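S.K.: Let me give you the structure first, and then I'll get to my questions.
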Amino acid sequence: MMEVLLITGFLGAGKTTLIQHLLKSEFNTNEKVAVIVNEIGQIGIDGTLLSGQDVDVLELTSGCICCTIKTDFFKAVQEIHRRFNPSYLVVETTGVAQPGDMLDVLFEPPLSEFTRLRDVITVVDAGFFEAREVLGSFYDNQIKCADILVLNKIDQVAAARVNQISAVLYELNPKATIFTAQHCAVDIAALLGVDSRQAHHTSHGRDSHHYAQEGFQSFSFEDKRLMDRDKLAKFLDSLPPALFRCKGWVRFADGSGLLNYAGSSYRIDPIESSRDTALVFVGRKCNEREIISSLEECLA
Numbered sequence: 001m002m003e004v005l006l007i008t009g010f011l012g013a014g015k016t017t018l019i020q021h022l023l024k025s026e027f028n029t030n031e032k033v034a035v036i037v038n039e040i041g042q043i044g045i046d047g048t049l050l051s052g053q054d055v056d057v058l059e060l061t062s063g064c065i066c067c068t069i070k071t072d073f074f075k076a077v078q079e080i081h082r083r084f085n086p087s088y089l090v091v092e093t094t095g096v097a098q099p100g101d102m103l104d105v106l107f108e109p110p111l112s113e114f115t116r117l118r119d120v121i122t123v124v125d126a127g128f129f130e131a132r133e134v135l136g137s138f139y140d141n142q143i144k145c146a147d148i149l150v151l152n153k154i155d156q157v158a159a160a161r162v163n164q165i166s167a168v169l170y171e172l173n174p175k176a177t178i179f180t181a182q183h184c185a186v187d188i189a190a191l192l193g194v195d196s197r198q199a200h201h202t203s204h205g206r207d208s209h210h211y212a213q214e215g216f217q218s219f220s221f222e223d224k225r226l227m228d229r230d231k232l233a234k235f236l237d238s239l240p241p242a243l244f245r246c247k248g249w250v251r252f253a254d255g256s257g258l259l260n261y262a263g264s265s266y267r268i269d270p271i272e273s274s275r276d277t278a279l280v281f282v283g284r285k286c287n288e289r290e291i292i293s294s295l296e297e298c299l300a
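Structure representation (structure tokens):
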């Protein structure tokens, strides 16, 4: 049986960062691990970031595992089991997935015949916890389904706010174990040592809504031309609050960088290799044409 670690959490919370930390730990040295990354956009970003770490990574794009590409997920898990038979399968959901729906998929035959759910780990963004005020039950469900909650980016808020958010998390899910972290740097041994005893049942999906029903949208932008750094900064500062996430590579005259935008804040980290601009956007009822048009004006 493959032990499944389901990593979930809203857009930009730090799911990929947690998996990177997991794969760099002794956990990946002592166990055979495979990773499935799910992104609703057509361009795969996280799979590329996780590759090259002596682990088998499979990326599923252009839809959500629990609905539009459910069959692809079934086939992917079966193929991983047949070819690699790892001890652990780490599944990173898209940020707009509902864990309950994911559990339904994992508990269905044939996956239930050779997989066993180890833990549902939800990453929560302390710096953008106000998303809960906008998304309501959609956001809360990701917290309520978790065995383990990682309250990430605590360096972005005051200590009193960390305590306040922790209290809300405990109220929503008193059975979960809560870790606080910066850049998802939690003690992996402690994380995997949690004795999770939540009873996960099927048919969660009856009361949930898929991302499209909630008004979420995904679109992308690709271009081989150079970006103007100053113009891009102004563009990112002008994005509407309903644009929750932008991630990917940006090519400047002095080199390429990895752009991470979430919750109205962003960072661009330089990368060694040269990459053309390829960005994925996820928002809710945004004007896609207007955003892409503004981005095109940033081309040098």
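Here the working numbering is used: position 181 in the sequence shown is 181, and no number is missing along the way.
Idealized CB from N, CA, C, for every residue including glycine.
Bear in mind the structure is a predicted one, so any value in this text is a computation, not a measurement.
Checking the sheet assignment: what are the DSSP bridge partners for Glu3?
M.R.: By one-based count along the sequence shown, residue 3 stands at place 3. Looking at the DSSP assignment, Glu3 forms a beta bridge with Tyr88 and Arg116.
S.K.: For the candidate residues Glu171, Ile148, Pro86 and Gln78, whose alpha-carbon lies nearest to that of Asn30?
M.R.: Here residue 30 refers to the residue found at position 30 of the sequence shown. Considering only alpha carbons, the answer is Pro86.
S.K.: Taking just the CA atoms, how far does Leu106 sit from Arg206?
M.R.: What you label residue 206 is simply residue 206 of the sequence shown in a count that begins at 1. What you label residue 106 is simply residue 106 of the sequence shown in a count that begins at 1. For Arg206, the pLDDT reaches just 41, beneath the cut-off of 50, and the residue's location in the model is therefore unreliable, leaving the point undetermined.
S.K.: Using the C-alpha atoms, what's the distance from Ile121 back to Lys175?
M.R.: Numbered from its first residue, the sequence shown carries residue 175 at position 175. Numbered from its first residue, the sequence shown carries residue 121 at position 121. Looking at the two C-alpha atoms, the distance is approximately 13 Å.
S.K.: Starting from Asp223, trace the alpha helix (DSSP H) both ways and give me its first and last residue.
M.R.: The residue you call residue 223 lines up with position 223 of the sequence shown. Note, Asp223: premise wrong, no alpha helix (DSSP H); beta strand (DSSP E) at Phe216 to Asp223.
S.K.: If you check the beta carbons only, do Ala233 and Arg245 fall under 8 Å apart?
M.R.: For the purposes of this step, residue 233 is identified with residue 233 of the sequence shown, where counting begins at 1. For the purposes of this step, residue 245 is identified with residue 245 of the sequence shown, where counting begins at 1. For Ala233 and Arg245, no; Cβs fall outside 8 Å.
S.K.: With H, G and I counted as helix, E and B as strand and the rest as coil, what does DSSP make of Arg161?
M.R.: Looking up residue 161 in the sequence shown gives position 161. Helix, per DSSP.
S.K.: In three-state terms, what does DSSP make of Gly257?
M.R.: Taking the sequence shown and counting its residues from 1, the one referred to as residue 257 is at position 257. DSSP places Gly257 in strand when its eight states are reduced to three.
S.K.: Would you mind sorting Leu299 into buried or exposed? The rule is 16 or more other CB atoms within 10 Å of its CB.
M.R.: For the purposes of this step, residue 299 is taken as the residue at position 299 of the sequence shown. Around the beta carbon of Leu299, a 10 Å sphere encloses fewer than 16 other beta carbons of the protein chains shown; the residue is thus reported as exposed.
S.K.: Going by C-alpha to C-alpha distance, which of Gln98, Ile36 and Cys286 sits closest to Asp72?
M.R.: Counted from its first residue, the sequence shown places residue 72 at position 72. The shortest C-alpha separation from Asp72 is found at Ile36.
S.K.: Using beta-carbon positions only, say whether Phe128 and Val150 come within less than 8 Å of one another.
M.R.: The residue you call residue 128 lines up with position 128 of the sequence shown. The residue you call residue 150 lines up with position 150 of the sequence shown. Not closer than 8 Å, so no.
S.K.: How big is the Cα-Cα spacing for Pro109 and Ala278?
M.R.: Position 109 of the sequence shown, counted from the start, is the residue given in the question as residue 109. Position 278 of the sequence shown, counted from the start, is the residue given in the question as residue 278. Near 37 Å, if we compare the C-alpha coordinates of Ala278 and Pro109.
S.K.: Taking just the CA atoms, how far does Asn173 sit from Val124?
M.R.: Position 124 of the sequence shown holds residue 124. Position 173 of the sequence shown holds residue 173. So the alpha carbons of these two residues sit roughly 13 Å apart.
S.K.: Can the beta-carbon of Ile143 be found closer than 8 Å to that of Leu103?
M.R.: As a first step, residue 143 is located in the sequence shown; it is residue number 143 there, counting from the start. As a first step, residue 103 is located in the sequence shown; it is residue number 103 there, counting from the start. Judged by their CB atoms, Ile143 and Leu103 are not nearer to each other than the 8 Å cut-off.
S.K.: First and last residue of the beta strand (DSSP E) that includes Arg251?
M.R.: What you label residue 251 is simply residue 251 of the sequence shown in a count that begins at 1. Taken as a continuous stretch (DSSP letters only), the beta strand (DSSP E) holding Arg251 covers Leu243 to Phe252.
S.K.: Report the CB separation of Ser218 from Phe281 in whole angstroms; it is logged as a contact under 8 Å.
M.R.: Counting from 1 along the sequence shown, the entry for residue 218 is found at position 218. Counting from 1 along the sequence shown, the entry for residue 281 is found at position 281. About 7 Å separates the two Cβ atoms, so the contact holds.
S.K.: How big is the Cα-Cα spacing for Leu259 and Pro270?
M.R.: The residue given as residue 259 occupies position 259 in the sequence shown. The residue given as residue 270 occupies position 270 in the sequence shown. If you take the alpha carbons of Leu259 and Pro270, they lie about 9 Å apart.
S.K.: So what does DSSP say about Pro99, is it helix, strand or coil?
M.R.: Taking the sequence shown and counting its residues from 1, the one referred to as residue 99 is at position 99. Pro99: helix per DSSP, three-state reduction.
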